[in-house]
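So the protein lines, in turn, are chains H and L.
Start counting the first sequence at 1; every next residue gets the next number (the working numbering).
Start counting the second sequence at 305; every next residue gets the next number (the working numbering).
Glycine residues also receive a C-beta, built at the ideal position from the N, C-alpha and C atoms.
Notes for the one structure printed next.
2 protein chains.
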Amino acid sequence: MIDTKTPFDALLSLHSDKIESFMLAMIDQTIIDERSVLIDAIRHSLLNGGKRIRPILAIAANSLFSKDVDSILPLACSLEIIHTYSLIHDDLPSMDNDDFRRGKPTCHVKFGEDIAILAGDTLNTLAFEILSTHLTAFSDRAVLDVIKMIAKNMGVAGLVGGQVLDIKSSNKLLNLEHLNNLHQKKTGALIQLAITSPAYLHEVDTSIINDLRLFGFHLGLLFQIIDDILDVVGEKSQLGKSPGKDQELNKLTYPGIMSLDECRRIAKEEKNKALACLDNLQEQYNYNTKELLAILDFTYNRSY
Amino acid sequence: MIDTKTPFDALLSLHSDKIESFMLAMIDQTIIDERSVLIDAIRHSLLNGGKRIRPILAIAANSLFSKDVDSILPLACSLEIIHTYSLIHDDLPSMDNDDFRRGKPTCHVKFGEDIAILAGDTLNTLAFEILSTHLTAFSDRAVLDVIKMIAKNMGVAGLVGGQVLDIKSSNKLLNLEHLNNLHQKKTGALIQLAITSPAYLHEVDTSIINDLRLFGFHLGLLFQIIDDILDVVGEKSQLGKSPGKDQELNKLTYPGIMSLDECRRIAKEEKNKALACLDNLQEQYNYNTKELLAILDFTYNRSY
């Protein structure tokens, strides 16, 4: 299935073993009482063949400052763990009520709603355990700053706030500004964290962090626009879920407020803005942005 | 309503303004979009007139090392915030399905299941934001250690694991050991954290932390035994919920596996063991354990 010809696939095959092994080690608890169902539920949702965009992004952003992948893995995997917790809760019957994800039954379908809620809760907490325990290559001050930033971006101002906007804004007429705001919080926050956190850990200049934040902002929007386009024009085999689901749920999407051509035009704009940030990082600070560029290209070119 | 004659009530009136103000400040966000419902739900559940046992415990444990209450408030309130998140999720229809708490509708009854899940998620994350941001009186290393310890004790090995044992062990015959294990995780973990975390922050000797941990262990069990007894013999006005709820749900309780007299005997044993820890702290290290003693007495004497 994997086309090893693209730079993104090369990145993925280079790092995915480390990512999967680290996450497995973090949840590898042998429990022989009733709690084993919780571990099973966590494994089911975390080790599900996801593309690991967020960890790969964190590793790519780290590559600007260091060749050492191992030291950044705890951050990279914590972001994937947070992403997984949010997916488990988003899929619940009282939220998006999704029965399948990546062609497999969702956590609550397989393990019950109670265990799915608790599996999400556990993963949420596990991320902070990993961040506070395993980022040993960096200063305590920098680690605390990153924990603070991640926690802040998962709350009302970020991930959860975005989900509230998403479920409470359905069926309303909207404009592009509102949609950008929603996605900046719901998917953009974690993508931006993946890109900026390594810079915080390496304690680089604010101006560099700002360039990375702007890159993350545009990449996050691009990611969501392409996702929305694919939900309209994609094939089930390619999406891992039924296409047209957004429309069925009356979700707020880019194709819901503009033509597909218009969506593609905005996607191209976001891509170019993201590219300009990378160019700046390369020209002004002489950073090698090749890994981040591979991810940008992959995101933009996801078959649409 | 408050009897100011007991030392516990004196402690409570001394500190409760600070606790309430700090928590209010942490959730005091003016949001004028769809997310305001999330803030309303959080306020509803967090500012509900709870007894604030966990913050008071943390402040009391801190009093062994310092008279400064303000510096420990972020820890004290984070534990209450975690406790509130766990109550919101425990009350959900797929878990304990409770409609009332402290005589008020539970979060999901008032705001819907989706918002209740997200309010719990937000509070879970908020605790880590507060811990990583506001414990500025202590070393970064000590703060990271406390974050690690709290996160670890909220996961499979602690709070959430205990809840799984609770919901999955119903309708089974059990022994005292299993019941102690369940409660040590479900309620004991946070109580023990409230008592040991200040010692970690002040970076005192391990032997002192061990005494405090043992005190917390016995206090936690005592707390749960008394709760279970009150569910059988208490009045609705006193409990803030209908008595007999445990039996109705077929919950695992101490009175479910032994007579009330036997429960009272075990409660007394736990109280004496906790007392022995305090005596040791006073005699060996010359600590003033008066505030912790007031809480132990309050816990033991809760009208049964």
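Query                                                                                                                                                                       : Result
Shorter than 7 Å from the beta carbon of Val109 of chain H to some beta carbon of chain L?                                                                                  : no
Along the alpha helix (DSSP H) that carries Glu269 of chain H, what are the first and last residues, could you check?                                                       : Leu260 to Tyr285
If the criterion is Cβ atoms closer than 7 Å, does the pair Lys575 of chain L and Leu526 of chain L meet it?                                                                : yes
What is the DSSP secondary structure of Arg517 of chain L, reduced to helix, strand or coil?                                                                                : helix
Taking the CB atoms as reference points, tell me whether Ser473 of chain L and Leu556 of chain L lie closer together than 7 Å.                                              : yes
Just checking: is the beta-carbon of Ile306 of chain L within a distance shorter than 7 Å of some beta-carbon in chain H?                                                   : Caution is warranted here: a pLDDT of 46 is assigned to Ile306 of chain L, below 50, making its placement in the model unreliable, and no coordinate value can be reported.
Please confirm whether Val460 of chain L has its beta-carbon closer than 7 Å to some beta-carbon of chain H.                                                                : yes
To which residues of the same chain is Thr289 of chain H closer than 6 Å at the C-beta, ignoring the five residues directly before and after it?                            : Leu278, Leu281 and Gln282
Buried or exposed: where does Ile295 of chain H fall if 16 or more other Cβ atoms within 10 Å of its Cβ makes it buried?                                                    : buried
Ignore the nearest five residues each way along the sequence and tell me which others in Leu24 of chain H's own chain have a CB closer than 8 Å to its CB.                  : Leu47
Comparing the C-beta of Asp344 of chain L with each C-beta of chain H, is any distance below 7 Å?                                                                           : no
Closer than 7 Å, CB to CB, is Asn124 of chain H near chain L or not?                                                                                                        : yes
Is there a C-beta anywhere in chain H that falls below 7 Å from the one on Asp372 of chain L?                                                                               : no
With a threshold of 7 Å between beta carbons, is Thr299 of chain H in contact with chain L?                                                                                 : no
Beta carbons nearer than 7 Å to chain H: which residues of the segment 382 to 401 of chain L have them?                                                                     : His393, Leu396, Ser398 and Met399
Compute the beta-carbon to beta-carbon distance between His393 of chain L and Asp121 of chain H, rounded to the nearest angstrom, for a pair I have assumed lies under 8 Å. : 6 Å
Does the Cβ of Gly220 of chain H have 16 or more other Cβ atoms within 10 Å, making it buried, or fewer, making it exposed?                                                 : buried
Report yes or no: is there a C-beta of chain L within less than 7 Å of the C-beta of Phe22 of chain H?                                                                      : no
At least one CB of chain L closer than 7 Å to the CB of Phe65 of chain H: is that the case?                                                                                 : no
Tell me the rounded alpha-carbon separation between Met258 of chain H and Asp531 of chain L.                                                                                : 58 Å
Is there a C-beta anywhere in chain H that falls below 7 Å from the one on Val464 of chain L?                                                                               : yes
Can you find a CB in chain L that lies within less than 7 Å of the CB of Glu129 of chain H?                                                                                 : yes
Would you say Leu57 of chain H and Ala194 of chain H are within 7 Å of each other, going by their C-beta atoms?                                                             : yes
Which runs of the alpha helix (DSSP H) spanning at least 4 residues fall entirely within the segment 306 to 376 of chain L, listed in chain order?                          : 311 to 331, 340 to 350 and 357 to 366
Could you tell me whether the Cβ of Ile495 of chain L comes closer than 7 Å to any Cβ of chain H?                                                                           : no
Report yes or no: is there a C-beta of chain L within less than 7 Å of the C-beta of Ser252 of chain H?                                                                     : Sequence inspection shows Leu at residue 252 of chain H; the Ser mentioned does not correspond to that position. No, no contact with chain L.
If contact means a Cβ-Cβ distance below 9 Å, which residues of the segment 263 to 281 of chain H contact chain L?                                                           : none
At a CB-CB cut-off below 7 Å, which residues of chain H make contact with Leu448 of chain L?                                                                                : Ser132, Asp140, Val143 and Leu144
According to DSSP, is Arg102 of chain H part of a helix, a strand, or is it coil?                                                                                           : coil
For Gln224 of chain H, is the classification buried or exposed, using 16 other Cβ atoms within 10 angstroms of its Cβ as the cut-off for buried?                            : buried
Residues of chain L with CB under 8 Å from Ser169 of chain H, in chain order?                                                                                               : Glu338
Report yes or no: is there a C-beta of chain L within less than 7 Å of the C-beta of Ala151 of chain H?                                                                     : yes
Strictly below 9 Å CB to CB, what residues from chain H border Asp425 of chain L?                                                                                           : Tyr85, Ser86, His89, Gly120, Asp121, Asn124, Met154, Gly155, Leu159, Val160 and Gln163
Nearest CA to the CA of Pro74 of chain H: which residue from H:Pro105, H:Arg264 and H:Ser197?                                                                               : H:Ser197
Which class does Asp96 of chain H belong to by DSSP, given the choice of helix, strand or coil?                                                                             : coil
Count the CB pairs spanning the segment 198 to 218 of chain H and the segment 156 to 168 of chain H that are closer than 8 Å, and state whether there are at least three.   : no
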